[in-house]
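What follows is a set of notes on a single structure, which appears directly below.
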Amino acid sequence: MQNKFTDTELIEQTLAGNQSAYADLVKRHQRFVFTLAMRFAKGREDAEEIAQDCFIKAYKSLSSFQQQSKFSTWLYSIVYTTSMTFLRKKRVDTTSIDDEATFIQIEGRASGFDEHSADNRSRSFYLNQAIGQLLPDDATIITMFYKGEQSLEEIAQVLGIEANTVKVKLFRARQRLKERLERNLKHEVNELI
Amino acid sequence: MNSIEEKLWNYIDGSCTLQERQAIAMLIEQDEVYRKKYDELLTLNQEFSTMEVDEPSMAFTYNVMEAIRTEKAMQPLKSAINKRIILSIAAFFILTISVLVVMILSKVNWHWGNSSALDVTVPVPTQIAANVTHVNSFFSGPLLKGFLFFDIVIGLFLLDNYFRKKHLYGR
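Same order as they appear, the protein sequences are chains A and B.
With the UniProt record's numbering, letter number 22 in the first sequence gets 22, and the count goes up by one each step, no holes.
With the UniProt record's numbering, letter number 41 in the second sequence gets 41, and the count goes up by one each step, no holes.
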């Protein structure tokens, strides 16, 4: 059931001592927070731990939320910081797709995007697979832009960088995602043949 | 960086000025390369929009709320106590001390005697004076020594705890 209260109203109720209002806020944002955490953790258990940690942190510092931005933007900045800390702690090995070796495989590929290949699998499967292969920063920017209802300025606020830098990063992330998607689809077609 | 793609993405995102928008719209209409690229990026943009959002476990909200409840229960007393209560207690003591000081000062005999010093005499009721003598007897040698010894032991215990914690966090 859709909650009739806005985020601001739920925050006010939570600050007044109504814990169930915060549970409603968690229910409303948990899917996206979990998705963002998945971009960093790559495993459901770790992602749930990060997401849970974020909601606890947000609850603790809810009184300091000035409401100068959307609650979601504020929450996502907590998610980003927590996830970065998680990455630093876990020292996850991430291979940059800027690496020359990675690009060797991409070279010589047609730039056109064939949307009719590999029909036997859902499009979203390939898309999620390709996003999972991106660097956490690229995947986060793309996810926030397309699913988080965040503008370039809001994403800049979350990441603590300039809006113009986000624009450039988004452009590059989309290019990389396109390349990944094409490569995965081609690989799938080759397997089928 | 591919300038055509960059321009087209800005056009699709709506993050360009009105003039740029008009110029790009005209290019898409007239230039075959621009039109093909635009169609390709538009398809890609729609594809990206269909991205699925992951779902956490069913008990996620419950786990979060339970963790918050546990954390609240484990909150140290100093942060759990309302600051207003502390301020009220402080105000009560300040008021009590002020009243006592005013009462004592009002009872002082502000009399200049023959000597150059001020003769400040605070009349103490006989019953209170007797009690004070009685209390003084408790602060005899062995009791005072015992009290100080106990204080030193507690002090060393707390100091030991402090250094242990510091050493643990340092590691």
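Backbone N, C-alpha and C define an ideal beta-carbon position, used for all residues, glycine too.
Predicted model only: the values in this text are computed from it and were never measured.
Three-state secondary structure assigned by DSSP to residue 53 of chain B: coil
The region 95-110 of chain B contacting the region 56-66 of chain A, beta-carbon criterion three pairs below 8 angstroms: By the Cβ criterion, the region 95-110 of chain B is not in contact with the region 56-66 of chain A, since fewer than three pairs of Cβ atoms, one from each stretch, lie closer than 8 angstroms.
Distance between residue 60 of chain B and residue 163 of chain A (C-alpha atoms, nearest Å): 33 angstroms
Stretch pair the region 22-37 of chain A + the region 45-63 of chain A: three plus CB contacts closer than 8 angstroms: yes
Closer than 8 angstroms to chain A by CB, residue 160 of chain B: no
Whether residue 50 of chain B touches residue 134 of chain A by CB criterion (8 angstroms): When the beta-carbon positions are compared, residue 50 of chain B and residue 134 of chain A stay at least 8 angstroms from each other.
Short CB-CB distance (under 8 angstroms) between residue 143 of chain A and chain B: yes
Whole-Å CB distance - residue 58 of chain A paired with residue 34 of chain A, under 8 angstroms assumed: In this structure residue 58 of chain A is not in contact with residue 34 of chain A, their Cβ atoms being roughly 14 angstroms apart against a cut-off of 8 angstroms.
Contact check, residue 203 of chain B vs residue 24 of chain B, beta carbons under 8 angstroms: Because residue 203 of chain B is not part of the residues shown, which for chain B are 1 to 171, the question remains open.
Cβ-based neighbour list, residue 156 of chain A, same chain, cut-off 8 angstroms, excluding 5 preceding and 5 following: 162, 163, 165 and 166
Proximity of residue 53 of chain B and residue 31 of chain A at Cβ, strictly below 8 angstroms: Yes.
heavy atom of the ligand FAD below 7 angstroms from residue 33 of chain A C-beta: No copy of the ligand FAD appears in this structure; indeed no ligand is present at all.
Chain A contact for residue 51 of chain B (CB, 8 angstroms cutoff): yes
Within-8 angstroms CB hit, residue 76 of chain A to chain B: Chain B contact via Cβ: absent.
Listed by chain order, chain A residues near residue 67 of chain B by CB distance under 7 angstroms: 52 and 56
Local Cβ density within 10 Å of residue 139 of chain A, reported as buried at 16 or more and exposed below that: Per the 10 Å Cβ criterion, buried.
Interfacial residues, the region 14-47 of chain B to chain A, with Cβ spacing under 8 angstroms: 15, 40, 43, 44 and 47
is_contact[residue 98 of chain B, chain A] using C-beta, thresh 8 angstroms: no
Segment contact, 8 angstroms Cβ cut-off, at least three pairs: the region 24-41 of chain B with the region 12-19 of chain A: The region 24-41 of chain B is not in contact with the region 12-19 of chain A.
Collapsed DSSP secondary structure at residue 106 of chain B in the structure displayed: helix
Inter-residue spacing [alpha-carbon to alpha-carbon] between residue 10 of chain A and residue 176 of chain A: 39 angstroms
Proximity winner among A:77, A:130, A:68 and A:185, relative to residue 54 of chain A (alpha-carbon distances): A:77
Where residue 167 of chain A sits in the DSSP three-state scheme: Here residue 167 of chain A sits in helix by DSSP.
Contacting residues, own chain, Cβ-Cβ under 7 angstroms from residue 47 of chain A (five flanking each side not counted): 34, 37, 38 and 41, listed in sequence order.
Chain B within 8 angstroms of residue 158 of chain A, Cβ atoms only: Residue 158 of chain A does not count as touching chain B.
Cross-chain neighbours of residue 23 of chain A in chain B, by beta carbon under 7 angstroms: 61 and 65
Residue range of the unbroken alpha helix (DSSP H) whose run includes residue 7 of chain B: Residue 7 of chain B -> alpha helix (DSSP H) spans 3-13.
Residue burial classification, residue 142 of chain B (beta-carbon count within 10 angstroms, cutoff 16): exposed
Interface residues of chain B facing residue 19 of chain A [CB-CB closer than 7 angstroms]: Going along chain B in sequence order, the residues near residue 19 of chain A (Cβ under 7 angstroms) are 65.
is_contact[residue 11 of chain A, chain B] using C-beta, thresh 8 angstroms: no
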